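Residue numbers (this note's numbering): 1 to 375. The beta carbon of each residue, even a glycine, is placed where N, CA and C say it ideally should be. Note that the structure is a prediction, hence the values are computed from the model and not measured. Worksheet: one structure, shown below.
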Ligand SMILES: *Cc1c(COP(=O)(O)O)cnc(C)c1O
């Protein structure tokens, strides 16, 4: 475990982002997405805060194990976890966990549906269904509707607790044909279910990108993830400063040692020649922490000085080359922030690493302590 290299999470900013989401989606319930260790921010503390302090009632996990972790660590907490993709129903013992721990599987294929319909103790588990409206990944599609309706009727299931579908292009403009088509299919499926006599109690299609653009808000629920962690889901072309959220975390590390270096001096594994004269700072973060080798070349700041990651990032350390003027700032122990509460900076960083902010967050490894503050 690290000490001074750490992720500091400001729960006050999280609360503010939650209020901002509620302003954008005032009529909708929020199903808070906490998969992948709450996007790297720590599953259990984030869920505890969201439920106890913000009144969030439903959370979205990707796998059963995540939902079980919530149940085991927070047994008294009044929250409903959904499992959205990796249901694990093929093992009988994990299937039992849904019944015993009151976890909702979002069923997305006929094998799992048949299993659930055939088990007497699943009879009282609310039925959640995922539909494929154009993502073409998981879920029942329009072509499956006859069979689906027949099976539900055969087992006298009349209530759809929550119908879910996911947008393939939620990070792009809502005007995109894909998005409009997915919304119209979603409504078509809902209408078909209602016409067949089913009661559809909850429905959701919007993730962060849709919420940001006010899309698919006719449904009872929205399912925001990344925006609550403070960063827009939208791609560069679509983003227009709409989402005013603030990133809730600061990723900080510190200088282990710094020294003057001449252009051409070999640096780190592989002995990459240093590209310029300057001050080389060795920082206490590496790919073992989630600071991947792809951070090579990115700009990092110390005070007013901008450095560049040079040489190979290794498991435990990375090398940042600063101009000579930065020398007095780069004392051993000096804190260096990889990111802070600026959305623009995280978006720029992700662009330099040639990925999305989602991945920067999810890469953060267990070696980094997560420290929670509220101020
Ligand atoms: C991950 C996920 C979300 C949240 O997506 P964001 O873009 O982070 O808001 C919503 N719904 C489903 C089904 C997901 O898998």
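query	result
What residues sit near ligand 1, counting only those whose C-beta is closer than 5 Å to one of its heavy atoms, in chain order?	33, 84, 166, 207, 208, 223, 224, 225, 226 and 233
Can you grab the Cα-Cα spacing for the pair residue 130 / residue 156, in whole Å?	19 Å
Between residue 176 and the rest of its own chain, which residues show a CB-CB distance below 7 Å, the 5 nearest in sequence each way excluded?	169
Give a yes or no on whether the C-beta atoms belonging to residue 71 and residue 33 are separated by under 8 Å.	no
When the Cα of residue 52 is compared with those of 146, 79 and 69, which residue comes out closest?	79
Could you tell me whether the stretch 343-358 touches the stretch 268-278, where touching means 3 or more Cβ pairs closer than 8 Å?	no
If you measure between the beta carbons of residue 50 and residue 84, is that distance less than 8 Å?	no
Residues in the same chain with beta-carbon distance under 8 Å from residue 369, minus the five sequence neighbours each way, listed in chain order, please.	1, 2, 3, 6 and 7
Quick check: the Cα distance between residue 257 and residue 28, rounded to an integer number of angstroms?	51 Å
Quick one: give me the first and last residue of the alpha helix (DSSP H) that residue 344 is part of.	343-352
Can you give me the start and stop residues for the beta strand (DSSP E) that residue 316 sits inside?	Per DSSP, residue 316 belongs to no beta strand (DSSP E) and is neither H nor E.
Smallest Cα separation from residue 315: which of 285, 297, 306 and 300?	285
Do residue 371 and residue 251 come within 8 Å of each other at the CB atom, strictly closer than that value?	no
Taking the C-alpha atoms as reference points, what is the distance between residue 26 and residue 36?	27 Å
Could you give the C-beta distance for residue 341 and residue 246, rounded to a whole number, given that I count them as a contact under 8 Å?	5 Å
Using DSSP with H/G/I as helix, E/B as strand and the rest coil, what is residue 375?	coil
Quickly, what does DSSP pair residue 153 with across the bridge? List them, please.	For residue 153, which the question treats as bridged, DSSP gives no partner whatsoever.
Can you tell me whether DSSP reads residue 298 as helix, strand or coil?	coil
Across the stretch 147-156 and the stretch 192-211, are there enough close Cβ pairs to call them in contact, namely three or more that are closer than 8 Å?	yes
How big is the Cα-Cα spacing for residue 174 and residue 330?	46 Å
Should residue 232 go down as buried or exposed, given a rule of 16 or more other Cβ atoms within 10 Å for buried?	buried
To the nearest whole angstrom, what separates the beta carbons of residue 114 and residue 89, a pair I think is in contact under 8 Å?	Between residue 89 and residue 114 the Cβ distance is about 10 Å, and since that is not below 8 Å, they are no contact.
Mind checking if residue 347 is an interface residue toward chain C, Cβ cutoff 8 Å exclusive?	In the structure shown, chain C does not exist; there is a single protein chain.
Report, in whole angstroms, the separation of the C-beta atoms of residue 209 and residue 228, which I expect to be a contact under 8 Å.	Not a contact, Cβ separation roughly 13 Å.
Extract the residue ranges of the beta strand (DSSP E) inside the stretch 5-35, only unbroken runs of 3 or more that lie entirely within it.	6-10 and 29-33
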